Structures are given as structure tokens and as C-alpha cells.
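Note sheet for the following structure.
Now the structure itself:
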């Protein structure tokens with residue numbers, strides 16, 4: 001099983017345990033919301049990448065410019081799957097951001 005599958009199974013198990021616990025429904029809702037926030041926070045580099053990729057594939061030049069910052073942020077945060085890292089790095093190199101891409105990747109590994 002790959003890392004993403006394990007994360008999915010663990011997340012579903014956590015939500016199931018919370019759902020069947022014998023506490024007030026309002027408490028369950030609050031704990032589920034907190035768990036969802038933690039999951040999203042831990043995977044935020046992927047969300048930056050997906051948003052940047054969506055902006056990059058649009059035909060609007062402003063969105064394409066904005067996507068470069070998203071790719072940089074995703075690389076700085078680290079934790080991207082290898083195929084996302086390669087795609088982001090390739091797009092940054094194609095757009096003349098090779099030095100910045102290297103700096104972002106280096107910062108992401110050291111933090």
C-alpha cells in the first residue's frame with residue numbers, strides 16, 4: 001500500500017471512530033472538523049500545487065503568472081509526491097525560474 005492509501009485509510013478510521021463514539025453530536029462535529037483541518041494542513045503543499053496547476057493551465061496570463069508563486073510555495077513546503085515535485089520543477093525551469101526553483105527545493109528540505 002502506498003503512502004496516500006495509508007493516509008486515506010487512517011483518516012477514514014479516525015472519522016469512523018469519532019462517528020460511533022458515545023459523545024454529544026456537537027462534540028463529534030467539532031472533533032471531526034478539527035481532524036479535517038489537521039489533514040488539510042498536513043497536505044497543504046499538494047493543495048498549493050493543484051491550485052497552481054489549475055491556474056497554469058488557464059489561458060489568462062495573470063493566472064499563469066500567479067501559478068509560478070504557487071509552485072514555489074508548494075516546493076518550499078515540501079512533502080509533495082515525486083511526480084508533483086518533478087512537474088513543478090519542470091514548469092519553473094521552463095519559465096526561467098531555475099535558480100529560484102533550486103532555492104525553494106533546498107529550503108523545503110531543510111525546514
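Residue numbers (the numbering used here): 1 to 111. Cβ coordinates follow ideal geometry from the N, Cα and C atoms, glycine included. These figures come from a predicted structure and were not determined experimentally.
Going along the chain, which residues of its own chain have a beta-carbon closer than 7 Å to the beta-carbon of residue i, five neighbours each way excluded?
i          : result
residue 79 : 45
residue 56 : 64, 67, 91
residue 97 : 68
residue 21 : 28
Taking the continuous alpha helix (DSSP H) assigned at residue i, which residues delimit it?
i          : result
residue 57 : No alpha helix (DSSP H) contains residue 57, which DSSP labels as neither H nor E.
residue 27 : 25 to 42
residue 92 : 82 to 94
Ordered along the chain, which non-local residues of its own chain (more than five positions away) have a Cβ less than 8 Å from that of residue i?
i          : result
residue 74 : 45, 46, 48, 49, 52, 80, 84, 88
Spatial neighbours of residue i within its chain, please: CB distance less than 6 Å, with the 5 preceding and 5 following residues excluded, ordered by chain position.
i          : result
residue 11 : 39
residue 18 : 28, 31, 32
residue 5  : none
residue 35 : 14
residue 70 : 48, 51, 52
Would you call the CB atoms of residue i and residue j closer than 9 Å?
i          : j         : result
residue 43 : residue 7 : yes
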